[in-house]
Structures are given as structure tokens and as C-alpha cells.
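K.L.:
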Ligand SMILES: [Zn+2]
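Residue numbers (the numbering used here): 126 to 561.
In C-alpha cells:
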């Protein structure tokens, strides 16, 4: 079997892994890079994808050069299958360019998340011939056997993959952690890992962020509750609408304080479409959750000809006026686009914004309008975050459990640091062919 990492050996984001046997080729993940293709000090601009064909993006080096993968590119037989580890853009962002005849495998949860996210986000997953994977249920593609393992990660429905062919075994960790709401799953995995793995391709987002404090979601919840008590005004939440673990953490914090939890139309629809009764949306009977209608998302749903996606929330609607009447005992999902409605409701003194993403993003220009909004309303910004990725301890535990002959780093800006953690590291370059 050959392993080729087309992108991701030296960076976080843009992951694309190919596994090739004598008879079969599969691709795992096809993400948007976080950093510019040519200048790694700059952010990747996803607007550059607009109205571009796969051929154009391939020619400009934006898409990794993988034969038989892209729609409208006549370069031979299609790859046999595509596997998606989880619904984060740095893993799926280029999937819209995949040929329509290629079967796409992913977890059902990931599929539901992406279907809903496509309604709201500019970067599309797209429509594919989809097949849903179940935890531990192997599928055969050509002469390869692929076994998915559900993982604990901030991306919903995340999976790792074991690929077996020609007497060899490769394990791809995808993105994972051991301190999220699925941490029991991680512990279970460590107790009975697949045996005889030759190569472990392992994410290393945090190998150079060892100093970052890492709480479990439960610990974070307790911290939020404690902090929130010192703010008599509203508690605004700056958080990805797809980080389900985190939204649950905020909902639980709100509940502990007997506060109303207010979602926007985007987040409410995402949680609803996951079709799990445990999701904190009014449609699941959660009486302490309301929905704020904002012009921005209503317009979006009109454009998509999906007005039912806001009409279905009418009876749970919290208008700006009723928001004002509720006083400060509120947790409100904040978006830059919701500022007009939030200001119409009036921002009480003593309000706070809980910033719940990686701190580095606060330095970026895209955060500026939010910073200005907070300054305008004399609002504190408090960090309330824990990483979606494995700590060094969790990386080491996964490495020890799988005990592979070789560890190949991926999804890290400091792949060289792996050598300090493991003694069997093989650093690859993008596009390098590694023969097993
Ligand atoms: Zn991820």
C-alpha cells in the first residue's frame, strides 16, 4: 500500500490523504487550508473559490493534484471512494469539486450537519452519492477494508479510520481529543484498540501549544457559571454554530442559572436537523430556549426558498422587545450579523461576551467589528474555551494504545515536535509517496 498526504504534513488545515493499493485508491478528507497556498503567513481566502471550476483551481494550485477526483477534469479513472473524517471546513471544504460518480462515506451525524450547514455557509459540501458509516462497521472498497471509529472531537460525528489491504494496516486519527463530551468513547477505544497497526497518521494541532490550559466541557461549564454570576447584564456567546459540545455547555450553564437560552435561526436549525432529542432546541421540548429572528438569516432562507426553516420557529420567537423585557438573565448566541436586533433589544450595563473559540482568532481583522461592538456597549470580553484537539497527553495515550511501527504527523504547524514525543516518527512532505 502507498500513502500519499497531498496536503497537511506541515500545516493545520487542507488535509488530504490518499491510500493506494495495487487495485484500489481512496481519498480521505479534502479540506480548505487555513493558510494561503503560497504565503503561509497569510490566511486562506475562501472567497477565491467563488465561481471557479475545479480545473481553474487545480491550475492555480489551490486544489491538491489528485488524479481522478475532480468534476470536469478529464484525468483518468475516478478514485474508488472518498471518506470524510468530520464536518470541519479544513477537512471538507473542497468536497464540492468531487466527481459525482465517486461514492462518499461519512457518519450519518456528519451528513446531517453538512446538509444543514450548506444552507447557511458560503463554502459548500455539496451533493454526493452518500453512504453512512456506523461505528466499527467495516466497508469494503476494492481490495481495501475500512473500519470507522467514532472519536471525541469538537467536529460533530467525527471518525477515525483503519484501512487494511495487502497485509498492511494504516490508522488515520482524523481530528480528536480526549476531554470532550465523548471522552468515554476515547477511553473505550484506548482499552480495545485495533491491533497490528503498521502506520498511524496522527493529528498534532496542539504539539506546539502545550502551555494552553485544557478543561473538560464540564469544567468549562462550571467556570462559565461562576463568571456569569458576576455579570448582571446579558451573557452573549461567541461560538461556532456547529460546535455542538460547546452549545450544550452554554445551554447547561444557562440552565444552572435559570436563564433563558436564546439561539439564532442558524444555530437552531443546525441543532434541529441533527434529529437528536437531546439537542437543546424548543422543538425537542426545551422550554427554556427561545429563538431570535434576525433579518440576515431570514433573507438567507428566503433566497434558498426555505422559509419553512424560520416559520417553524414562530411560536418560540423572542422578539427584541421581549428580549428587553427579560432583563439580564439571558444567554444569547451572538453573531456580528445580529448586532442590529441585539441593539434594538438594548444592551444592559454589566453585559459580557463569552469568547468561545481559539484565542488566536481574536487577533484577526474579522474579530474587529465584534470588539468595537463590545467597546461601544462597555461590555467585557471573557475567554471561555477549551480546545477541540488532543493534548500532548492524549496524543501519547493514543500512540501507546495503537503502538504502531511508524507515526506520521499531520494537521500540525510543528510536525518536528513529534520527535520529542515519540521515537518512531516519520515526517513526510506533501505529495511524498510512502510505501508500506
Ligand atoms: Zn476538526
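Beta carbons: idealized from backbone N, C-alpha and C, even for Gly.
Less than 7 Å between the CB of residue 216 and some heavy atom of ligand 1, yes or no?
P.N.:
Yes, the beta carbon of residue 216 sits closer than 7 Å to at least one heavy atom of ligand 1.
K.L.:
Is it the case that the Cβ atoms of residue 128 and residue 324 are separated by a distance below 8 Å?
P.N.:
Yes. Within cutoff.
K.L.:
Quick check on DSSP: helix, strand or coil for residue 131?
P.N.:
Strand.
K.L.:
With which residues is residue 347 paired in a DSSP beta bridge?
P.N.:
Paired residue(s): none; residue 347 is not in a bridge.
K.L.:
Regarding residue 211 and ligand 1, is the C-beta to nearest heavy atom distance less than 7 Å?
P.N.:
Yes, the Cβ of residue 211 comes within 7 Å of a heavy atom of ligand 1.
K.L.:
Indicate the three-state DSSP secondary structure (helix, strand or coil) for residue 505 in the structure shown.
P.N.:
It is a strand residue.
K.L.:
Rounded to whole angstroms, what's the CA-CA distance from residue 334 to residue 542? Just pull it up for me.
P.N.:
Those two C-alpha atoms are separated by around 11 Å.
K.L.:
Considering only residues of the same chain and omitting the five flanking positions on each side of residue 158, which have a CB-CB separation below 8 Å?
P.N.:
So the list reads 132, 136, 138, 139, 169 and 215, once near-sequence residues are dropped.
K.L.:
Measuring CB to CB, does residue 509 end up less than 8 Å from residue 345?
P.N.:
For residue 509 and residue 345, yes; Cβs fall inside 8 Å.
K.L.:
Just to confirm before moving on: does the CB-CB distance between residue 396 and residue 372 stay below 8 Å?
P.N.:
Yes, these two residues count as a Cβ contact at 8 Å.
K.L.:
Just to confirm, are residue 209 and residue 235 a CB contact at a threshold of 8 Å?
P.N.:
The answer is yes: Cβ separation under 8 Å.
K.L.:
Is residue 475 near ligand 1, going by C-beta to nearest heavy atom under 7 Å?
P.N.:
Because no heavy atom of ligand 1 lies under 7 Å away, the Cβ of residue 475 does not count as near it: no.
K.L.:
With a threshold of 16 other CB atoms inside 10 Å of the CB of residue 528, please say whether the residue is buried or exposed.
P.N.:
Exposed, because fewer than 16 other Cβ atoms sit within 10 Å of the Cβ of residue 528.
K.L.:
Looking at ligand 1, does it come within less than 7 Å of residue 585, judged from the CB to the closest heavy atom?
P.N.:
This structure does not reach residue 585, given that the chain is present from 126 up to 561, and the question cannot be answered.
K.L.:
According to DSSP, which residues form a beta bridge with residue 389?
P.N.:
Paired residues: 417.
K.L.:
Does residue 95 pass the burial test, meaning 16 or more other C-beta atoms within 10 Å, or should it be called exposed?
P.N.:
No answer is possible for residue 95: the residues shown for the chain start at 126 and end at 561.
K.L.:
Thinking residue 507 and residue 480 are a contact (beta carbons under 8 Å), I'd like their distance in whole angstroms, please.
P.N.:
Confirmed, Cβ separation roughly 7 Å.
K.L.:
Give me the DSSP bridge partner(s) of residue 270.
P.N.:
DSSP, once it has assigned bridges, lists 265 and 289 as partnering residue 270.
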